[in-house]
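Protein sequence lines, in the order shown, are assigned to chains A and B.
Be aware that the first sequence starts at 182, since it is given in the numbering used here, and climbs by one per residue.
Be aware that the second sequence starts at 19, since it is given in the numbering used here, and climbs by one per residue.
Scroll down for the structure; my scribbles are underneath it.
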Amino acid sequence: MSDAWITVLAVGMGTIGIKAAGPMLLGARPLPARALGVVALLAPALLAALVATAALADGQRISLDARVIGLAAAAVAIGARAPVLPVVLVAAAATAVARALGMP
Amino acid sequence: MGRLTRLTACGIMGNMDRADEGTAADASGSVRAGVGAAVPLAVAVGIFGVSFGVLGVSAGGMGALPALVMSVTTFAGSAQFAAASVLAGGGGPVAAITAAVLLNLRYGPIGVSVARFLPRDRWRRLAASQLVVDESWAIASRGDGRYDPHRLLGAGVLLYAVWVGGTLMGVIGGEALGDPETLGLDAAFPALFLALLVGQLRGRGTVPVLVALLGAAIAIALIPVAPPGVPIIAAALAALVGLRR
Chain A
182 MSDAWITVLA
192 VGMGTIGIKA
202 AGPMLLGARP
212 LPARALGVVA
222 LLAPALLAAL
232 VATAALADGQ
242 RISLDARVIG
252 LAAAAVAIGA
262 RAPVLPVVLV
272 AAAATAVARA
282 LGMP
Chain B
19 MGRLTRLTAC
29 GIMGNMDRAD
39 EGTAADASGS
49 VRAGVGAAVP
59 LAVAVGIFGV
69 SFGVLGVSAG
79 GMGALPALVM
89 SVTTFAGSAQ
99 FAAASVLAGG
109 GGPVAAITAA
119 VLLNLRYGPI
129 GVSVARFLPR
139 DRWRRLAASQ
149 LVVDESWAIA
159 SRGDGRYDPH
169 RLLGAGVLLY
179 AVWVGGTLMG
189 VIGGEALGDP
199 ETLGLDAAFP
209 ALFLALLVGQ
219 LRGRGTVPVL
229 VALLGAAIAI
239 ALIPVAPPGV
249 PIIAAALAAL
259 VGLRR
């Protein structure tokens, strides 16, 4: 089997297993109150980390590039209570303009 | 190509609904709401799907069929780009698999967070778990630790369809669509996550705000020193603040 197929099959099975683990092992069992407190805070913790890595990470480097302009534009739109669709479009447009002006 | 490796996109279709979550009309409304919320991202995810397909058939790529099978089975853009770039760089399958699995380990805690809202039936539950990707999970989140499985279904199915469809187009020959980065589409993902984060923080007191700041700080501190994926999983530890309440 080629390297590509080994990688594709292993990553596919691994990902399906990771995604299934929580729902299949926990079932619909109610969690204890303290665990619920932690689970409720997983969304803010993980969303904030996704913002940071999607805007700043370039492999293992922190890169301040045109994505930061897009994120700043998104923040302004969010502050003005814009819905999600315009927020995303404003971010893409601002980043595209910054790149067209030569920003990496 | 380097920049593409940090993208997040996309699980696998399934059918889900839960009798205790309102009427059938509410449910189909929620599915439609999930589809609607995912539309702006679907454009970005589709174009990155095309990029993944183009990369697959380019010199040093993994080939058309492996690229397509990977999008069908893995449905996680960042991990797929990471694995493809390691292979293209001559890194070998062990390094490629490690990079991709590290990136996808975040679906462990994410799966725990949605577990109690998924269908009870074993097979439908398994299918629903595969529809969870960053974007569908974020769209399904109600902000108080609860998740709407119908919004997850709507967003997840749409994103899966455009991810696989995009990859197919790229494999067949989609260079014509242009570079997603020129279009600024890589900025769509952090913007979405920020919009959903702020929506969840409004009116919920200071603890979630502090947890978000802590999560971001952990991720940023680890970006330069840990392999991609690890900073996000480590940030989940910020949620342990919830043990104190």
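Every residue, glycine too, gets a C-beta built ideally from N, C-alpha and C.
Within 8 Å, strictly: CB atoms of residue i and residue j
i, j, result
"I243(A)", "I190(B)", "no"
"A274(A)", "G202(B)", "yes"
"M80(B)", "V192(A)", "no"
"A230(B)", "L214(B)", "no"
"V151(B)", "F93(B)", "yes"
"P209(B)", "L252(A)", "According to the sequence provided, residue 209(B) is Ala. The question's Pro does not apply to it. Yes, the Cβ-Cβ distance between A209(B) and L252(A) is below 8 Å."
"A97(B)", "L121(B)", "yes"
"V271(A)", "A255(A)", "yes"
"A2(B)", "L222(A)", "Summary: the structure shown does not reach residue 2(B), with chain B confined to residues 19 through 263, and so no result is reported for it."
"P127(B)", "L227(A)", "yes"
"P249(B)", "I236(B)", "yes"
"F70(B)", "A85(B)", "yes"
"V45(B)", "V232(A)", "First, the residue type needs correcting, since residue 45(B) is Ala and not Val in the sequence shown. Not in contact: A45(B) and V232(A) (Cβ atoms no closer than 8 Å)."
Residue i at chain A interface by Cβ criterion, 8 Å
i, result
"I250(B)", "yes"
"S69(B)", "no"
"F207(B)", "yes"
"N33(B)", "Note that N33(B) has pLDDT 33, beneath the 50 cutoff, so the model's placement of it is unreliable and no number is given."
"D162(B)", "yes"
"A253(B)", "yes"
"T185(B)", "no"
"G20(B)", "Residue placement at G20(B) is flagged as unreliable, the pLDDT there being 38, under the threshold of 50; a coordinate-derived value is accordingly withheld."
"T224(B)", "no"
"R142(B)", "no"
"S147(B)", "yes"
"V87(B)", "yes"
For residue j and residue i, believed in contact at Cβ under 8 Å, the rounded distance
i, j, result
"T185(B)", "G52(B)", "Contact doesn't hold; Cβ gap of about 22 Å is too wide."
"A114(B)", "T188(A)", "5 Å"
"A206(B)", "L59(B)", "6 Å"
"V63(B)", "W181(B)", "6 Å"
Option nearest residue i by Cα separation, candidates the options
i, options, result
"V61(B)", "L258(B), L177(B), A257(B), P249(B)", "L177(B)"
"P204(A)", "A100(B), G54(B), G47(B), A146(B)", "A146(B)"
"V175(B)", "Q148(B), R164(B), S159(B), P198(B)", "Q148(B)"
"E199(B)", "L282(A), A230(A), T276(A)", "T276(A)"
"F211(B)", "L217(A), P264(A), D184(A)", "P264(A)"
"L170(B)", "R222(B), A158(B), G217(B)", "A158(B)"
"G188(B)", "L59(B), R50(B), I65(B)", "I65(B)"
"L232(B)", "A252(B), A117(B), G221(B)", "A252(B)"
"I197(A)", "F99(B), R50(B), A85(B), R143(B)", "R143(B)"
Chain B within 8 Å of residue i, Cβ atoms only
i, result
"A274(A)", "yes"
"P213(A)", "no"
"T193(A)", "One detail in the question is off: residue 193(A) reads as Gly in this sequence, not Thr. Closer than 8 Å to some Cβ of chain B, the Cβ of G193(A) qualifies, so yes."
"I187(A)", "yes"
"D184(A)", "yes"
"G283(A)", "no"
"V257(A)", "no"
"L245(A)", "no"
Residue i Cβ short of 7 Å to the ligand MG heavy atom set
i, result
"A206(B)", "What this structure holds is no ligand at all, so the ligand MG is not there to describe."
First through last residue of the alpha helix (DSSP H) which encompasses residue i
i, result
"M182(A)", "Per DSSP, M182(A) belongs to no alpha helix (DSSP H) and is neither H nor E."
"D246(A)", "No alpha helix (DSSP H) contains D246(A), which DSSP labels as neither H nor E."
"D152(B)", "152-158"
"V243(B)", "It is not in any alpha helix (DSSP H) - V243(B) carries neither H nor E in the DSSP assignment."
"M187(B)", "167-191"
"P285(A)", "Taken as a continuous stretch (DSSP letters only), P285(A) belongs to no alpha helix (DSSP H), as it is neither H nor E."
"S69(B)", "42-75"
"L136(B)", "Neither: L136(B) is in no alpha helix (DSSP H) and is coded neither H nor E."
"A261(A)", "Neither: A261(A) is in no alpha helix (DSSP H) and is coded neither H nor E."
"T92(B)", "Per DSSP, T92(B) belongs to no alpha helix (DSSP H) and is neither H nor E."
"L227(A)", "214-237"
"G110(B)", "110-122"
Minimum Cβ-Cβ distance from residue i to chain C less than 8 Å
i, result
"Y125(B)", "Note that chain C does not occur in the displayed structure, where the protein chains are A and B."
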